[in-house]
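Peer 1:
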Amino acid sequence: MNPLLSFLILTFLVRKLKDISSSKSLTIASTADIHSPKHLEALKEAIKRVKVRPDVVLLAGDLINKGNVKWYSPTIEAISQLETHRIVAVFGNEEYEEIHDKLREELGDVIIFLDDESVKLEIKGLSLGIVGTKGSLEQPTTWQERNIPGIKEVYEARIGKVERLLKELDTDLRILLMHYAPTFKTLYGEYRSIWPQLGHRGYEKVIEVTRPDLVIHAHAHNGNKKAVLWNIEILNVSFPLWREIVLVKLAKRADLEQYF
Numbered sequence: 001m002n003p004l005l006s007f008l009i010l011t012f013l014v015r016k017l018k019d020i021s022s023s024k025s026l027t028i029a030s031t032a033d034i035h036s037p038k039h040l041e042a043l044k045e046a047i048k049r050v051k052v053r054p055d056v057v058l059l060a061g062d063l064i065n066k067g068n069v070k071w072y073s074p075t076i077e078a079i080s081q082l083e084t085h086r087i088v089a090v091f092g093n094e095e096y097e098e099i100h101d102k103l104r105e106e107l108g109d110v111i112i113f114l115d116d117e118s119v120k121l122e123i124k125g126l127s128l129g130i131v132g133t134k135g136s137l138e139q140p141t142t143w144q145e146r147n148i149p150g151i152k153e154v155y156e157a158r159i160g161k162v163e164r165l166l167k168e169l170d171t172d173l174r175i176l177l178m179h180y181a182p183t184f185k186t187l188y189g190e191y192r193s194i195w196p197q198l199g200h201r202g203y204e205k206v207i208e209v210t211r212p213d214l215v216i217h218a219h220a221h222n223g224n225k226k227a228v229l230w231n232i233e234i235l236n237v238s239f240p241l242w243r244e245i246v247l248v249k250l251a252k253r254a255d256l257e258q259y260f
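My numbering applies: residue 1 is where the sequence shown begins, and numbers increase by one.
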């Protein structure tokens, strides 16, 4: 083939791939650990600083403090100012299990709650799959050990279930949304002695095997903001850490074969 023609074809393909990459993308907004009303006013100010309209908002738990359900709706009312297409949330340890049904009943029309579950969304011509879970702890808290029978077994079984859910998702983009940390790599800044009570490294293998496009968690207020495992970004979106709404542009991986 003529060298000039080869160059022109290659240039066209590169430009086409860039165009596809830029058009086939979603803007993800995420936050957690508002512990409303504690950080509610700061959250409202952070929302005012957001200059884009996110395609989806992902909430990684602990929006309220100590199960005080009356503060969940005011917090969601503030978050709704982002004018997103959908809101997806997981429960944190402060959304006590006994209020889960009440939250679903009151806000199920506004929020998709995921509790060891998955959902598929169609947004801007892209299919987005989200697996949502509270996550697991390597060492349950003293309260959990005293009050939740078999909690260690629950945490271990959850890891396998999350892996299965991710494998079952056949979508353009896949996100793992959780409350507890899936790795210790985002816990630097927290006392090392409590790392086992902030997350579980068993999810590292899940991430390696299933390769989601993005992993979001919270719970570590003093941890670090992000880490990378196998070229996959792990974001700790805890609001006390960022003091901002975390924004990510997630693009579908372009496939060269479709152009030949």
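Even glycine gets a Cβ: it sits at the ideal position worked out from N, Cα and C.
From the DSSP secondary-structure annotation, give me the bridge partner or partners of Asp217.
Peer 2: With the sequence shown as reference, residue 217 is identified as His, and Asp is not the correct amino acid for it. Its beta-bridge partners are Asn236.
Peer 1: In this structure, how does DSSP classify Lys267 when only helix, strand and coil are distinguished?
Peer 2: Here the chain covers residues 1 to 260 and nothing more, so residue 267 does not appear.
Peer 1: Counting only the same chain and skipping the five closest in sequence on each side, list residues whose C-beta sits under 7 Å from that of Tyr188.
Peer 2: Answer for Tyr188: Gly223 and Asn224, listed in chain order.
Peer 1: Could you give the uninterrupted runs of the beta strand (DSSP E) lying entirely in the region 99-180, keeping only those of 3 residues or more?
Peer 2: Runs found: 111-113, 117-123, 126-133 and 173-178.
Peer 1: For the beta strand (DSSP E) that contains Ala29, what are its first and last residues?
Peer 2: Ala29 -> beta strand (DSSP E) spans Ser25 to Thr31.
Peer 1: Pick helix, strand or coil for Arg53, following the three-state DSSP scheme.
Peer 2: Coil.
Peer 1: Are the Cβ atoms of Val56 and Val90 separated by less than 8 Å?
Peer 2: No, these two residues do not count as a Cβ contact at 8 Å.
Peer 1: Do you know offhand how far Ala157's Cα is from Leu165's?
Peer 2: In a straight line, the C-alpha of Ala157 is about 13 Å away from that of Leu165.
Peer 1: Under a three-way DSSP split, which group does Leu250 fall into?
Peer 2: DSSP places Leu250 in strand when its eight states are reduced to three.
Peer 1: Using a C-beta cutoff of 8 Å, does Leu121 count as contacting chain B?
Peer 2: Absence of chain B from the displayed structure is noted, only one protein chain being present.
Peer 1: Kindly list the residues whose CB is nearer than 6 Å to the CB of Ser22, restricted to its own chain and excluding five residues on each side of it in sequence; keep chain order.
Peer 2: Reliability of the predicted coordinates at Ser22 is poor, the pLDDT of 48 falling under 50, and no value is obtained from them.
Peer 1: What are the residues that DSSP puts in a beta bridge with Glu97?
Peer 2: Answer is none; Glu97 lacks a bridge partner.
Peer 1: Keeping to the same chain, check which residues put their C-beta closer than 7 Å to that of Glu145; ignore five residues upstream and five downstream.
Peer 2: Only Ile151 meet the Cβ criterion.
Peer 1: Tell me which residues share the same chain as Asp213 and place their Cβ nearer than 7 Å to its Cβ, disregarding the 5 neighbours each side in the sequence.
Peer 2: Closer than 7 Å at the Cβ level, and outside the excluded window around Asp213, lie Leu173, Arg174, Ile175 and Leu250.
Peer 1: Considering only residues of the same chain and omitting the five flanking positions on each side of Lys66, which have a CB-CB separation below 7 Å?
Peer 2: Hits under 7 Å: Glu94.
Peer 1: Flag this pair as touching only if the region 120-130 and the region 96-110 have three or more C-beta atom pairs under 8 Å; answer yes or no.
Peer 2: No, they do not touch.
Peer 1: Under 8 Å Cβ to Cβ from Thr84, same chain only, skipping five residues before and after it: list those, please.
Peer 2: Here the set comprises Ala29, Arg53, Pro54, Asp55, Val56 and Val57.
Peer 1: Does DSSP put Glu190 in a helix, in a strand, or in coil?
Peer 2: Strand, per DSSP.
Peer 1: So, Ala42 versus Arg211, is the Cβ gap smaller than 8 Å?
Peer 2: No, the pair does not count as a contact, with Cβ atoms beyond the cut-off.
Peer 1: Counting only the same chain and skipping the five closest in sequence on each side, list residues whose C-beta sits under 7 Å from that of Lys161.
Peer 2: These residues qualify, in order along the chain: Asp116.
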